[in-house]
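*Asks:*
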Amino acid sequence: MSVSVEELYVEFGGFELFKHVNFIVNPRDRIGLAGRNGAGKSTLLKIFAGLQTPTSGRVVLPRDIKIGYLPQQMELSDSRSVMDEAITAFAEIQALEKLIEHLNNELSFREDYESVEYHRIIDEMHEANERFQLMGGTNFHVDIEQTMMGLGFERSDFTRQTSEFSGGWRMRIELAKILLKKPNVFLLDEPTNHLDIESIEWLESFLKDYAGAVVLVSHDRAFLDNVTNRTVEISLGKIYDYKVNYSKYIELRKERREQQMAAFRNQQKMIQDTEDFISRFRYKATKSVQVQSRIKQLDKVDRIEIDEEDTRSLNIKFPPSPRSGTVVFEAIEVSKRYGDLLVLDKVDLKLERGNRIAFVGKNGEGKSTMARIIMQELECTGEHKLGHNVKIGYFAQNQADSLDEDLTAFETIDKSAVGDIRTKIRDILGAFMFSGEDADKKVKVLSGGERARLAMISLLLEPVNFLVLDEPTNHLDIHSKGLLKQALLKFDGTLLVVSHDREFMDGLVNVVYEFRHKKIKQHLGGVYEFLLKRKMETLRELELSAPDKKVKKEVVKEVVAVSFEERKDINRMISRVEKQIGEVEWQISKLEAEIAAMDLMLTDPTTIDNSSLFDRYGESKKQVEIAMKEWESLHNELTEWEEKRTW
């Protein structure tokens, strides 16, 4: 089912946000919306979701289409357990289940088998059963478990109240509910904001394999590249449609922009030449006809507009870091509890000068806790200490909240800057998108993203030799993240980043510490090397468990021959077939129950002439035979897929 945008026009206070935009969203499209901040990406999602009305034009939705919309911010409920909250996604299935139960009860008490009402109930039950099976039937608990665990929840979390979780985890519950509803079109506004790397990878896999369409806004470049196959850029109220992912769109956009600039320069020259002609001959009677013709020609010109391109870069040399000792931080058998919850269990950690370190792992595994222990902000058991002459600069997730709201952006940075760098404050602010009058705005009127950028600039200008950054990219767009990464690459001290942004960390870090099951494990290399190693762990475990060395080598060789994509496809097919087997088994048990009920009816002499009952009985028997053949075929298919799974 396609969705079409027709002549969409949106105006705010005289400003044209969309100028008669037209495009189509096809059933398997994976669309990333691109454009500078304020271009209208989130507004377009709201219009799609029916939460905002355009000035004119419309979004045409097919009948019975289901839309799943995840906004950046939403009101969250605290009245249920995690499982009960997730089950609300299946309200229609539950309603059908109750209806089927009600109709079965009604049939069990009726004896008017030939009446119109009896047949109406039979038809209604048949229709409800078909829809119930089509929507997943009784297997929705399996879907809930797979989805919740994919998003990082443990089974032990299912019975916990949603009020026990942080805002980020509650947003995951809302995301899970949208995924479980299996809409025809997903509308996702910054869906990775509250996810860790493992959950982002799971969501990527889910969305790539999903049968419906996806329209999303994200500042996570790796996520966009891995999910989208189409990029719709919003620029000066118009849209430019590219049938490629984000990185390829950037290349094609550069080519388009060069063509636009050439056309713009040619048009400007033509306009200037025409205006010069009009000025020169305006008052000459012999040229009046030509002058009037040129004036009309100018009035008809469709002026080419070029969206201002953000090409700012950060070419500032920061103050050199004071030299620290070789070991900047060391922890020995450190443990940390929050009440009864054990987060870190006797972990050892040694961070050395000059390393560029990433803390990664699922949310709640202790990454931010360890960062705060390093900052001496949390008490814990065990030993830990900072190294000699270590001066820490710390950026917390809520760092922007600590800024003085009565200062301007310029005054905020002026407080942090020392030495010659103070003469370049406006250049630095400009590079981080505080140009012109923005530098003189007070902190109290800045957005969350602007405050985060300002707090980051302030930190980068401090003369420190150990930077600890906890989720520094959460409120930054792709361009701002690039500027920050550019600045951090020039930092000559020790760097520690707690982040889920793979593209940001790629090339920035050389040591990865994985937080898992209350322990910390070191991985040398960058973030993508770490992710590859994590995928290979099952191979190493298999190699270690095989008793015979020759067998080990043969098994590992065979497994390596199966690419990661093939393994993922095989696992997906096994899951699909297993689910289909479960559905067929449920159908067989349902049919057998109906046949048993009709067997009882047929023992009643009063039903001996009931031809419709005999017809239904025969039809049900045929359906059981068909279902049994399908069950056997699916089991054969499952065996074939399992034989291919050699790892």
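In our numbering, the protein residues as written are 1165 to 1811.
Positions of the beta carbon are idealized from the N, C-alpha and C atoms, including for glycine.
Note that the structure is predicted; figures quoted are calculated from it, not measured.
If we ignore side chains and look at the alpha-carbon of each, how far apart do S1382 and D1512 end up?
*Replies:* The residue labelled residue 1382 in the question sits at position 218 within the sequence shown. The residue labelled residue 1512 in the question sits at position 348 within the sequence shown. Going by the C-alpha atoms only, they are around 36 Å apart.
*Asks:* In chain order, what are the residue ranges of uninterrupted alpha helix (DSSP H) at least 4 long that sit wholly in the segment 1290-1342?
*Replies:* Every alpha helix (DSSP H) of 4 residues or more that sits fully in the segment 1290-1342 is shown, in chain order, as 1304-1314.
*Asks:* How close, in whole Å, do the beta carbons of A1603 and L1640 come, if the pair is a contact with beta carbons under 8 Å?
*Replies:* In the sequence shown, counting from the first residue as 1, residue 1603 sits at position 439. In the sequence shown, counting from the first residue as 1, residue 1640 sits at position 476. Not a contact, Cβ separation roughly 18 Å.
*Asks:* List the whole-angstrom C-beta distance separating K1608 from E1569, where the pair is believed to meet the contact cut-off of C-beta under 8 Å.
*Replies:* For the purposes of this step, residue 1608 is taken as residue 444 along the sequence shown, with counting starting at 1. For the purposes of this step, residue 1569 is taken as residue 405 along the sequence shown, with counting starting at 1. Sure, about 4 Å apart at Cβ, within 8 Å.
*Asks:* Look at the alpha carbon of F1441 and the alpha carbon of A1203, and state the distance between them as a whole number of angstroms.
*Replies:* In the sequence shown, residue 1441 corresponds to position 277, counting from 1. In the sequence shown, residue 1203 corresponds to position 39, counting from 1. Taking the straight line from one Cα to the other gives about 38 Å.
*Asks:* To test your reading of the DSSP string, which unbroken alpha helix (DSSP H) runs of 4 or more residues are found completely within the segment 1182-1270?
*Replies:* For the segment 1182-1270, the continuous alpha helix (DSSP H) assignments of 4+ residues that do not extend past its boundaries occur at 1205-1212 and 1246-1251, in sequence order.
*Asks:* Alpha carbon to alpha carbon, what distance is there between E1614 and E1497?
*Replies:* To locate residue 1497, count along the sequence shown from 1; it is residue 333. To locate residue 1614, count along the sequence shown from 1; it is residue 450. Cα to Cα, the separation comes out at about 40 Å.
*Asks:* Less than 8 Å between C-beta atoms, sequence neighbours within five positions excluded: which residues of the same chain meet that for E1516?
*Replies:* Position 352 of the sequence shown, counting from 1, holds the residue named residue 1516. Counting only Cβ-Cβ distances below 8 Å, and skipping sequence neighbours, we find T1490, V1491, V1492 and T1658.
*Asks:* Does the distance from the CB of V1691 to the CB of V1675 come in under 8 Å?
*Replies:* Numbered from its first residue, the sequence shown carries residue 1691 at position 527. Numbered from its first residue, the sequence shown carries residue 1675 at position 511. It is not a contact, given that the beta carbons lie outside the stated cut-off.
*Asks:* Does the Cβ of Y1410 have 16 or more other Cβ atoms within 10 Å, making it buried, or fewer, making it exposed?
*Replies:* Residue mapping note: residue 1410 aligns to position 246 of the sequence shown, counting from 1. Buried, by the Cβ-count rule.
*Asks:* Are the beta-carbon atoms of H1552 and S1622 separated by less than 8 Å?
*Replies:* For the purposes of this step, residue 1552 is taken as residue 388 along the sequence shown, with counting starting at 1. For the purposes of this step, residue 1622 is taken as residue 458 along the sequence shown, with counting starting at 1. For H1552 and S1622, no; Cβs fall outside 8 Å.
*Asks:* Within 10 Å of its beta-carbon, does P1486 have 16 or more other beta-carbons around it, so buried, or fewer, so exposed?
*Replies:* Taking the sequence shown and counting its residues from 1, the one referred to as residue 1486 is at position 322. With fewer than 16 Cβ atoms within 10 Å of its Cβ, P1486 is classed as exposed.
*Asks:* My guess is that I1398 and K1205 are in contact by the Cβ rule of under 8 Å, so how many angstroms apart are they, rounded?
*Replies:* In the sequence shown, residue 1398 corresponds to position 234, counting from 1. In the sequence shown, residue 1205 corresponds to position 41, counting from 1. Contact holds; Cβ gap of about 6 Å.
*Asks:* Taking all protein chains shown into account, do 16 or more other C-beta atoms lie within 10 angstroms of the C-beta of F1387, making it buried, or fewer, making it exposed?
*Replies:* Position 223 of the sequence shown, counted from the first residue, corresponds to residue 1387. Per the 10 Å Cβ criterion, buried.
*Asks:* Nearest CA to the CA of D1466: which residue from Q1432, L1352, Q1561 and A1791?
*Replies:* The residue you call residue 1466 lines up with position 302 of the sequence shown. Checking every option, the nearest Cα to that of D1466 belongs to Q1432.
*Asks:* Taking all protein chains shown into account, decide if K1464 is buried (16 or more other Cβ within 10 angstroms of its Cβ) or exposed.
*Replies:* In the sequence shown, the residue the question calls residue 1464 occupies position 300. When all chains shown are included, K1464 counts as exposed.
*Asks:* Which residue comes first and which comes last in the beta strand (DSSP E) that contains E1399?
*Replies:* Start at 1 with the first residue of the sequence shown, and residue 1399 comes out as number 235. Inspection of the sequence shows that residue 1399 is occupied by Ser rather than by Glu. First-last of the beta strand (DSSP E) with S1399: R1394 to S1399.
*Asks:* Looking only at DSSP bridge pairs, what is F1630 linked to?
*Replies:* Position 466 of the sequence shown, counting from 1, holds the residue named residue 1630. The partner list for F1630 (beta bridge, DSSP) reads I1556 and T1658.
*Asks:* Just checking my contact of A1535 with V1662 at CB under 8 Å: how many whole Å lie between their CB atoms?
*Replies:* Numbered from its first residue, the sequence shown carries residue 1535 at position 371. Numbered from its first residue, the sequence shown carries residue 1662 at position 498. Indeed, because the Cβ distance is near 6 Å, the residues count as touching under 8 Å.
*Asks:* To the nearest angstrom, report how far apart E1328 and F1317 are at their CA atoms.
*Replies:* Within the sequence shown, the letter at position 164 stands for residue 1328. Within the sequence shown, the letter at position 153 stands for residue 1317. The C-alpha of E1328 lies about 13 Å from the C-alpha of F1317.
*Asks:* Could you work out which residue in F1679, I1468, E1469 and T1438 is closest to Q1456 when comparing CA atoms only?
*Replies:* Locating residue 1456 in the sequence shown gives position 292, counting from the first residue. Distance from the Cα of Q1456 is smallest, within the candidate group F1679, I1468, E1469 and T1438, for T1438.
*Asks:* Return the first residue and the last residue of the alpha helix (DSSP H) that K1531 is part of.
*Replies:* Counting from one through the sequence shown, the residue named residue 1531 turns up at place 367. Here the alpha helix (DSSP H) through K1531 covers K1531 to I1538.
*Asks:* What is the DSSP secondary structure of D1463, counted as helix, strand or coil?
*Replies:* Taking the sequence shown and counting its residues from 1, the one referred to as residue 1463 is at position 299. Helix, per DSSP.
*Asks:* Excluding the five sequence neighbours on either side, which residues of its own chain have a C-beta within less than 6 Å of the C-beta of A1560, listed in chain order?
*Replies:* Here the question's residue 1560 lines up with position 396 in the sequence shown. Short of 6 Å from the beta carbon of A1560, and not among the five residues preceding or following it, lie these beta carbons of its own chain, in chain order: D1634.
*Asks:* Please report the straight-line C-alpha distance between K1147 and D1405, rounded to a whole angstrom.
*Replies:* Lying before the first or after the last residue shown, residue 1147 is absent from the chain, which here runs from 1165 to 1811.
*Asks:* According to the neighbour-count rule (16 or more other Cβ atoms, all chains shown, within 10 Å of its Cβ), is Q1436 buried or exposed?
*Replies:* What you label residue 1436 is simply residue 272 of the sequence shown in a count that begins at 1. By the 10 Å Cβ count, Q1436 comes out exposed.
*Asks:* Comparing C-alpha positions only, which one of D1353, S1776, G1782 and E1806 sits nearest to V1741?
*Replies:* To locate residue 1741, count along the sequence shown from 1; it is residue 577. Considering only alpha carbons, the answer is E1806.
*Asks:* My output table needs one value for H1548: the three-state DSSP class, helix, strand or coil.
*Replies:* Taking the sequence shown and counting its residues from 1, one reaches residue 1548 at position 384. H1548: strand per DSSP, three-state reduction.
*Asks:* Report, in whole angstroms, the separation of the C-beta atoms of G1196 and T1356, which I expect to be a contact under 8 Å.
*Replies:* The residue given as residue 1196 occupies position 32 in the sequence shown. The residue given as residue 1356 occupies position 192 in the sequence shown. At roughly 12 Å, the Cβ-Cβ gap does not stay under 8 Å, so G1196 and T1356 are not in contact.
*Asks:* Which value, in whole angstroms, describes the spacing of the CA atoms of M1792 and E1801?
*Replies:* For the purposes of this step, residue 1792 is taken as residue 628 along the sequence shown, with counting starting at 1. For the purposes of this step, residue 1801 is taken as residue 637 along the sequence shown, with counting starting at 1. The straight-line gap from Cα to Cα measures roughly 14 Å.
*Asks:* Where does the unbroken alpha helix (DSSP H) through E1175 begin, and where does it stop?
*Replies:* Numbered from its first residue, the sequence shown carries residue 1175 at position 11. Unbroken run through E1175 is the beta strand (DSSP E), V1167 to F1176; no alpha helix (DSSP H).
*Asks:* Using the C-alpha atoms, what's the distance from F1322 back to R1244?
*Replies:* Position 80 of the sequence shown holds residue 1244. Position 158 of the sequence shown holds residue 1322. Distance between the alpha carbons of R1244 and F1322: 10 Å.
*Asks:* Under a Cβ-count criterion, where at least 16 other Cβ atoms within 10 Å of its own Cβ denotes burial, should L1339 be classed as buried or exposed?
*Replies:* For the purposes of this step, residue 1339 is taken as the residue at position 175 of the sequence shown. Buried, because 16 or more other Cβ atoms sit within 10 Å of the Cβ of L1339.
*Asks:* I'd like the span of the alpha helix (DSSP H) that includes S1411, first residue to last.
*Replies:* The residue you call residue 1411 lines up with position 247 of the sequence shown. Y1410 to F1445 is the span of the alpha helix (DSSP H), which, as asked, contains S1411.
*Asks:* Relative to the C-alpha of V1246, which residue among F1778, R1319, L1260 and A1522 is closest?
*Replies:* Here residue 1246 is taken as the residue at index 82 of the sequence shown, counted from 1. Restricting attention to F1778, R1319, L1260 and A1522, the CA atom closest to the CA of V1246 is found in R1319.
*Asks:* So, with DSSP's three-state summary, where would you put R1520?
*Replies:* As a working note, residue 1520 is residue 356 in the sequence shown. Of the three classes helix, strand and coil, the one that applies to R1520 here is strand, per DSSP.
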